[in-house]
Every structure is written in structure tokens, then in C-alpha cells.
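Written below as C-alpha cells is the structure these notes are about.
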Amino acid sequence: MEVHSSAAAAVAVLTAVFALGLLPVTAAEASIASYWFAGFGVALAVFASLLLHELAHAAVARRYGVGTRRVVLWLLGGAAEQDTPAPTPLADAVIAVAGPLASAALGVTSWAVALVMAPLLSPTALAALLWLGTANLAWAVFVLLPGAPLDGGRILRALVWSRTRDRHHGDRTARRGGRALGVLLLSAGAAVVILFGQFVGVWFAVAGWALWAPRTITSAETGPDAVPP
Ligand SMILES: [Zn+2]
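Quick look at the structure:
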């Protein structure tokens with residue numbers, strides 16, 4: 000496993016987003032220190048969740064005889080780099096779906112724990128747990144967007160591969176989807192920052208840029224999610 004230096008930046012940015020933006024809105028009238036403490040806790044938990052997402056890909060890949068060279072965490076998520084391509088389109092799709100399924104399960108579990116534990120938790124801790132659930136569910140939805148190198152791009156590739164019986168045709172389609180998504184996210188992220196002054200738009204803009212120009216940041220054939228240089 001490898002943690003890219005940009006992952007530290009992502010933890011810092013996430014901590015700030017939670018401490019300055021989301022937690023004070025959800026759990027009003029707590030101390031500023033408690034927002035930072037809980038914000039840092041959620042940011043770390045989000046990264047632990049990303050790791051579990053990648054390990055889910057790796058575990059399912061192993062069932063299809065596909066090994067995982069390394070798992071990388073970085074600014075925009077993670078990647079489980081496989082040493083060989085999936086043997087069939089179905090295997091490709093199932094390996095891709097395993098990650099978002101794990102994230103969705105983590106999200107639902109966080110929410111369920113928050114509901115059950117609500118009477119015992121401080122408002123800030125409760126808000127932190129709810130945001131952890133939301134972040135995981137949002138991540139499950141985001142990575143299902145149909146463009147390489149996201150999981151949704153792999154599913155798109157598997158669909159085209161199974162229809163045309165040509166894996167490379169599927170690859171090209173998924174890469175085109177990734178570029179189109181990149182332009183869309185870059186514009187939407189910039190609009191969110193400029194029009195609404197919401198800091199979180201920066202992340203979407205950076206993610207959009209990484210998708211739009213995957214060659215400068217990622218190696219196209221490696222993993223289900225975006226990979227650092
Ligand atoms: Zn994934």
C-alpha cells in the first residue's frame with residue numbers, strides 16, 4: 000500500500016471543509032476546537048473508507064485470478080492497480096462494482112450507527128458520523144460516473160467490450176466518457192466556487208481537470224480509479 004503525499008493535502012482540505020463549513024452548520028453552538036477535532040476525525044475516517052473501497056476491488060479481483068500490484072491513496076481518492084486485465088467483461092464489471100458497493104455499505108453503516116447511538120453522542124460527534132456516511136454514499140455515486148478512470152468508466156468499458164467483443168473499443172469509449180465528464184466537472188466546480196462561494200467546488204474542478212487530462216496525471220490502463228503520477 001502506498002499513500003501519495005497529495006493525500007495529506009486532501010486530509011487537510013477535508014478537515015477544513017468539515018471544521019469551517021459543514022460541522023458548524025449541522026451542529027451549531029459547539030466549540031471551535033471540537034469542530035476541528037471532529038473534522039480531522041472525519042477526514043481520516045474518509046481516507047480509511049477509501050482504502051476499504053480499494054481493498055474491495057482487490058478482493059473481488061483475486062477471485063477472478065487478477066492480482067493487485069499496489070493500492071494507492073492520493074488527492075482524488077484511490078486506486079487498486081491490477082497486474083493483468085480482467086479475463087472477461089463480466090469479471091471487469093464485477094471488480095469495478097465491488098468498490099462503490101463497499102462505499103455504499105460503509106455509508107449506510109455510518110448512518111445506522113449514528114441513528115442508534117444518537118442519544119449517547121455529542122451533537123458534533125453525531126454530525127461527524129452523519130457526514131462520514133454522506134461522504135461514503137456520495138463517493139459511491141461519484142465513482143459510478145461513466146468515464147475512465149472511474150469505476151463507472153470500467154463498467155462502461157465492460158458493456159462495450161461484451162457487445163463488440165473488443166476490449167480496446169471499450170477502453171476508447173470509457174476514455175472519451177472520462178474526458179467529457181472532466182470538462183463537465185471542471186465547469187460545474189468552477190461555477191460552484193464563483194457563483195456560490197462554496198469551497199467544495201474546488202475539489203470538483205480539480206477532479207474534473209484530472210479526468211479531462213488523465214495522461215498528465217494518471218496512467219490510463221492501471222486501476223479502476225484515478226492514479227497519481
Ligand atoms: Zn473504485
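With the first letter of the sequence shown counted as 1, position 222 gets the number 221 in numbering that gives the first Met the number 0; the numbers rise by one all the way through.
The beta carbon of each residue, even a glycine, is placed where N, CA and C say it ideally should be.
Note that the structure is predicted; figures quoted are calculated from it, not measured.
For this session: Confirm, please, whether the CB-CB distance from Gly181 to Gly200 is below 8 Å.
Result: Against the sequence shown, residue 200 aligns to sequence position 201. Against the sequence shown, residue 181 aligns to sequence position 182. Contact: no.
Problem set entry | Those residues which DSSP pairs with Ala79 across a bridge | Against the sequence shown, residue 79 aligns to sequence position 80. According to DSSP, Ala79 bridges with Val70.
Problem set entry | Reduced DSSP secondary structure (H/G/I, E/B, other) of Glu28 | Along the sequence shown, read from residue 1 onward, the residue named residue 28 stands at position 29. Of the three classes helix, strand and coil, the one that applies to Glu28 here is coil, per DSSP.
Problem set entry | Close beta carbons around Ala139, own chain, < 6 Å, minus the five adjacent residues each side | Taking the first residue of the sequence shown as 1, we reach residue 139 at position 140. Around Ala139: Pro99, Ser102, Ala103.
Problem set entry | Nearest to Leu49 (by Cα), restricted to the options Val10, Leu129, Ala85 | As a working mapping, residue 49 is identified with position 50 in the sequence shown. Among Val10, Leu129, Ala85, the Cα nearest to that of Leu49 belongs to Val10.
For this session: Give the range of the alpha helix (DSSP H) segment to which Pro122 is assigned.
Result: Numbered from its first residue, the sequence shown carries residue 122 at position 123. Counting along the chain, the unbroken alpha helix (DSSP H) around Pro122 starts and ends at 122-141.
Exercise. When the Cα atoms are used, what is the spatial distance from Ala212 to Ala206?
Worked result: Reading the sequence shown from its first residue, position 213 is the one you call residue 212. Reading the sequence shown from its first residue, position 207 is the one you call residue 206. C-alpha of Ala212 to C-alpha of Ala206: approximately 10 Å in a straight line.
Exercise. Does DSSP put Val2 in a helix, in a strand, or in coil?
Worked result: To locate residue 2, count along the sequence shown from 1; it is residue 3. Look at Val2 here: in three-state DSSP terms it is strand.
Problem set entry | Ala3 beta carbon near ligand 1 (any heavy atom closer than 7 Å) | As a first step, residue 3 must be located in the sequence shown, where it is residue number 4. Note on identity: in this sequence residue 3 is His, with Ala being the wrong assignment. If you check the C-beta of His3 against ligand 1, you find no heavy atom less than 7 Å away.
For this session: Output yes or no for whether 8 Å exceeds the beta carbon distance between Val70 and Leu54.
Result: Numbered from 1 along the sequence shown, position 71 holds the residue referred to as residue 70. Numbered from 1 along the sequence shown, position 55 holds the residue referred to as residue 54. Their beta carbons are under 8 Å apart, which means Val70 touches Leu54 by this criterion.
Exercise. Between the Cα of Ala6 and the Cα atoms of Ala85, Thr123, Leu72, which residue gives the shortest distance?
Worked result: Taking the sequence shown and counting its residues from 1, one reaches residue 6 at position 7. Nearest C-alpha to Ala6: Leu72.
For this session: Give the straight-line distance between the Cα atoms of Gly169 and Val2, rounded to the nearest whole angstrom.
Result: Sequence index remark: in the sequence shown, residue 169 carries index 170 (1-based). Sequence index remark: in the sequence shown, residue 2 carries index 3 (1-based). Each residue's alpha carbon lies about 30 Å from the other.
Problem set entry | Secondary structure, alpha helix (DSSP H): runs of 4+ residues fully inside the segment 140-218 | Runs of the alpha helix (DSSP H) inside the segment 140-218: 150-163, 166-195, 199-211, 213-216.
Exercise. My guess is that Asn135 and Gly106 are in contact by the Cβ rule of under 8 Å, so how many angstroms apart are they, rounded?
Worked result: Working through the sequence shown from its first residue, we reach residue 135 at position 136. Working through the sequence shown from its first residue, we reach residue 106 at position 107. So it is a contact: roughly 3 Å between Cβ atoms.
Problem set entry | Where Ala8 sits in the DSSP three-state scheme | Position 9 of the sequence shown, counting from 1, holds the residue named residue 8. If DSSP states are grouped into helix, strand and coil, Ala8 belongs with the helices.
Exercise. Should Val70 be counted as a contact of ligand 1 given a C-beta to heavy atom distance under 7 Å?
Worked result: The residue given as residue 70 occupies position 71 in the sequence shown. No; taking the cut-off as 7 Å, the Cβ of Val70 has no heavy atom of ligand 1 nearer than that.
Exercise. Does DSSP put Thr14 in a helix, in a strand, or in coil?
Worked result: Residue 14 sits at position 15 when you count from the first residue of the sequence shown. Three-state DSSP puts Thr14 in a helix.
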